[in-house]
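Notes for the one structure printed next.
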């Protein structure tokens, strides 16, 4: 038996060889970059572009949110619809409708009718006088009766229907509140967006009559508004929101192009990519903190008589998807920074890569020993390994950019799919060397 002298490389040896080649390439490219470091304007320009990209990413999240709330009625209804079952909102609506109903019931007239009825029955004068002093108890009893009836109506499915349909009709007012424009007849008054809960009043009236309160039948049709958004500062932000709403579709693309220009301009593009990811993550962290602080400011400037608890619930619902966008982009930026770091020459990054390669290589060797034949597939993957990686990353980018409203889970699952794709690529990469069975065939007598 004579050996050809060309022993196949193991997966571990191939991984180490690829790592050595990459390090040599990095050292060769680093020599040229060190020679060009006397150009401070290029570095400064890269930093400025990255910071601008971080700012634009912050504005992009707000712009996409504003555009979705203003232009997408279904999105707006999905945002505020769950408020119908919020206890604070239900309590505020109950109080509002109760006050409106009681304002239409003449308690003095009820007491007068009771006095006349008592007089007609021949009750002694002192007893009739006592009846005249029952105005306060009658008012308290009426309030309890009306409040209980309203609460039962508001906590039923009828209120949810009224709430959703009312918000769908009033969506044009939201458009006007945020951008100053609206095509329908719905108008914005006193810097507020309100829902007409007249159907709830009508149901309360019907139930009061059924309960024996005949005076409730005289209640006219009342168009009672429940304020969803009210602030004296709405007028001040219309211009800014209008600009963001117009740029909602373009601002994310502009931010991405500016970030790409910042990375391309830098001498060390991997470091620039890490810096871009961290800058965008910091911008999202700042925006998240700002939304929390602005909530307190908004509640502190509510008009008198407004329910802070209900207003807080409405605010949280309106920015729910904005917060989701902030978290999603922040997670994507942080994952990008970590990925760029793990591609570097640091000891941690090298150990992580080698550990993954050896684990996948060992799994592949076991599969090959068990009879798996990769053949041309393995050679193809080895030859176009870099381009396959680019295709995987490009596919992930397309998924994230075409997803209507990506969430943090979308980002996490996309990242998981990317990692699985790279693992499969590494598994299929047998290199140009023959596999173990093929090497045995090459050994001749």
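Residue numbers (our numbering): 890 to 1334. By construction, the Cβ of each residue, glycine as well, lies at the ideal position given by its N, Cα and C atoms.
Residue i, DSSP secondary structure in three states
{"i": "residue 1044", "result": "coil"}
{"i": "residue 1296", "result": "coil"}
{"i": "residue 1273", "result": "coil"}
{"i": "residue 1217", "result": "helix"}
{"i": "residue 1093", "result": "helix"}
{"i": "residue 989", "result": "helix"}
{"i": "residue 961", "result": "coil"}
{"i": "residue 1060", "result": "helix"}
{"i": "residue 1267", "result": "helix"}
{"i": "residue 1139", "result": "coil"}
{"i": "residue 1157", "result": "coil"}
{"i": "residue 1319", "result": "coil"}
{"i": "residue 1262", "result": "coil"}
{"i": "residue 971", "result": "helix"}
{"i": "residue 1282", "result": "helix"}
{"i": "residue 933", "result": "helix"}
{"i": "residue 1234", "result": "coil"}
{"i": "residue 1195", "result": "coil"}
{"i": "residue 994", "result": "coil"}
Rounded C-alpha distance that separates residue i from residue j
{"i": "residue 1140", "j": "residue 1275", "result": "31 Å"}
{"i": "residue 1222", "j": "residue 1250", "result": "30 Å"}
{"i": "residue 1050", "j": "residue 1285", "result": "40 Å"}
{"i": "residue 1259", "j": "residue 1226", "result": "39 Å"}
{"i": "residue 1058", "j": "residue 1224", "result": "41 Å"}
{"i": "residue 982", "j": "residue 1048", "result": "10 Å"}
{"i": "residue 1162", "j": "residue 970", "result": "40 Å"}
{"i": "residue 1178", "j": "residue 951", "result": "14 Å"}
{"i": "residue 1240", "j": "residue 1314", "result": "19 Å"}
{"i": "residue 1035", "j": "residue 1298", "result": "46 Å"}
{"i": "residue 1234", "j": "residue 1186", "result": "47 Å"}
{"i": "residue 930", "j": "residue 937", "result": "10 Å"}
{"i": "residue 1311", "j": "residue 932", "result": "32 Å"}
{"i": "residue 1040", "j": "residue 979", "result": "8 Å"}
{"i": "residue 843", "j": "residue 1212", "result": "No answer is possible for residue 843: it lies beyond the span of the chain, which begins at 890 and ends at 1334."}
{"i": "residue 989", "j": "residue 1190", "result": "25 Å"}
{"i": "residue 1151", "j": "residue 964", "result": "34 Å"}
{"i": "residue 1272", "j": "residue 906", "result": "15 Å"}
{"i": "residue 1208", "j": "residue 941", "result": "24 Å"}
{"i": "residue 1160", "j": "residue 1138", "result": "29 Å"}
{"i": "residue 975", "j": "residue 1230", "result": "45 Å"}
{"i": "residue 1255", "j": "residue 912", "result": "29 Å"}
{"i": "residue 1257", "j": "residue 1247", "result": "15 Å"}
{"i": "residue 1033", "j": "residue 994", "result": "14 Å"}
Presumed contact (8 Å Cβ cut-off) between residue i and residue j, rounded CB distance
{"i": "residue 1303", "j": "residue 939", "result": "Residue 1303 to residue 939, Cβ: 23 Å. No contact."}
{"i": "residue 1264", "j": "residue 954", "result": "Not a contact, Cβ separation roughly 51 Å."}
{"i": "residue 1143", "j": "residue 991", "result": "Contact flag wrong, Cβ pair sits at about 55 Å."}
{"i": "residue 1093", "j": "residue 1042", "result": "6 Å"}
{"i": "residue 947", "j": "residue 1176", "result": "5 Å"}
{"i": "residue 1201", "j": "residue 1188", "result": "6 Å"}
{"i": "residue 1157", "j": "residue 908", "result": "In fact, because the Cβ distance is near 19 Å, the residues do not count as touching under 8 Å."}
{"i": "residue 1268", "j": "residue 1316", "result": "No, residue 1268 and residue 1316 are not in contact; Cβ-Cβ is about 14 Å, not under 8 Å."}
{"i": "residue 1228", "j": "residue 1174", "result": "Between residue 1174 and residue 1228 the Cβ distance is about 19 Å, and since that is not below 8 Å, they are no contact."}
{"i": "residue 1096", "j": "residue 1038", "result": "5 Å"}
Residue i and residue j closer than 8 Å at C-beta
{"i": "residue 1217", "j": "residue 1300", "result": "yes"}
{"i": "residue 943", "j": "residue 1155", "result": "no"}
{"i": "residue 1282", "j": "residue 1266", "result": "no"}
{"i": "residue 1053", "j": "residue 973", "result": "yes"}
{"i": "residue 987", "j": "residue 1060", "result": "no"}
{"i": "residue 1184", "j": "residue 1204", "result": "yes"}
{"i": "residue 1199", "j": "residue 977", "result": "yes"}
{"i": "residue 1206", "j": "residue 968", "result": "yes"}
{"i": "residue 1277", "j": "residue 1270", "result": "yes"}
{"i": "residue 1182", "j": "residue 1056", "result": "no"}
{"i": "residue 1238", "j": "residue 1232", "result": "yes"}
Buried or exposed by the 16-neighbour rule on C-beta atoms within 10 Å, applied to residue i
{"i": "residue 1029", "result": "exposed"}
{"i": "residue 1236", "result": "exposed"}
{"i": "residue 1192", "result": "exposed"}
{"i": "residue 957", "result": "buried"}
{"i": "residue 1210", "result": "buried"}
{"i": "residue 1073", "result": "Confidence in residue 1073 is poor, its pLDDT being 42 and thus under 50, which makes the residue's placement too unreliable to answer from."}
{"i": "residue 1309", "result": "exposed"}
{"i": "residue 949", "result": "buried"}
{"i": "residue 935", "result": "buried"}
{"i": "residue 1318", "result": "buried"}
{"i": "residue 1305", "result": "exposed"}
{"i": "residue 1291", "result": "exposed"}
{"i": "residue 910", "result": "exposed"}
{"i": "residue 1295", "result": "buried"}
{"i": "residue 959", "result": "buried"}
{"i": "residue 1172", "result": "buried"}
Any chain B beta carbon closer than 8 Å to residue i
{"i": "residue 1258", "result": "No chain B is part of this structure, which consists of one protein chain only."}
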